[in-house]
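> In my numbering, the protein residues as written are 131 to 342.
Think of the CB as a built atom: it goes at the ideal place given N, C-alpha and C, for glycine as much as any other residue.
Only a predicted model underlies this, so the values are computations on that prediction, with no experimental measurement involved.
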């Protein structure tokens with residue numbers, strides 16, 4: 131029985147560490163995204179895309195470890211709920227990487243000066259959300275997880291502002307440039323990043339409440 135417990139604890143620790151590594155990787159992607167907006171070179175773009183591959187790889191590892199545990203261990207309800215929560219969380223985080231990839235894919239060099247202020251505004255909030263999500267998962271801290279969920283209101287407000295700015299331009303018969311239209315699309319991608327972080331925080335908060 132001790133061996134089984136040690137095996138489960140070991141695998142659980144590996145899963146948690148992989149999820150935390152993905153969160154760290156996403157924050158690095160955001161930091162490098164800012165570098166790309168200042169200096170939009172192919173190397174800076176490649177770094178972001180390569181990090182997305184790393185996140186995909188870690189997602190597969192987490193799913194593999196979860197299947198291994200379920201197939202080999204007799205688990206109680208709380209352990210099963212925790213594993214399923216981590217499976218959902220890693221998918222949510224992988225989608226954050228997808229959204230970052232979507233943004234850089236449709237951003238041209240000529241757009242960066244226009245897009246930079248908006249993207250930085252979103253990132254300011256979402257970097258904090260990632261920091262709190264990391265603390266929440268690492269320390270089973272429900273308060274930090276709640277901070278992630280409540281902070282999403284600011285992200286949603288920014289998205290609404292971007293749409294309203296476009297509506298105002300249309301009403302004023304201003305010329306709509308391609309970059310302006312891209313802002314609306316990218317704003318939606320950025321808003322979805324907040325949604326995925328909230329989903330991850332809510333999922334983990336529900337999972338750890340089983341133990342309390």
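What's the gap between the Cα of residue 160 and the Cα of residue 149?
Cα to Cα, the separation comes out at about 17 Å.
> For a test of the three-state rule: what should DSSP assign to residue 217, helix, strand or coil?
Three-state result, residue 217: helix.
> From this set, 223, 194, 267, 317, which residue's C-alpha is nearest residue 288's C-alpha?
Comparing Cα-Cα distances from residue 288 to each of 223, 194, 267, 317, the minimum goes to 317.
> For residue 184, which residues from the same chain have a beta carbon less than 7 Å from its beta carbon, with the 5 sequence-adjacent residues on both sides left out?
Only 155 meet the Cβ criterion.
> Between residue 245 and residue 251, is the Cβ-Cβ spacing less than 8 Å?
Contact: no.
> In angstroms with no decimal places, state the Cα-to-Cα distance between residue 194 and residue 188.
Their backbone Cα atoms lie some 10 Å apart in a straight line.
> Alpha carbon to alpha carbon, what distance is there between residue 145 and residue 211?
Taking the straight line from one Cα to the other gives about 14 Å.
> Compare the beta carbon distance of residue 157 and residue 259 with 8 Å and say whether it is the shorter of the two.
It is not a contact, given that the beta carbons lie outside the stated cut-off.
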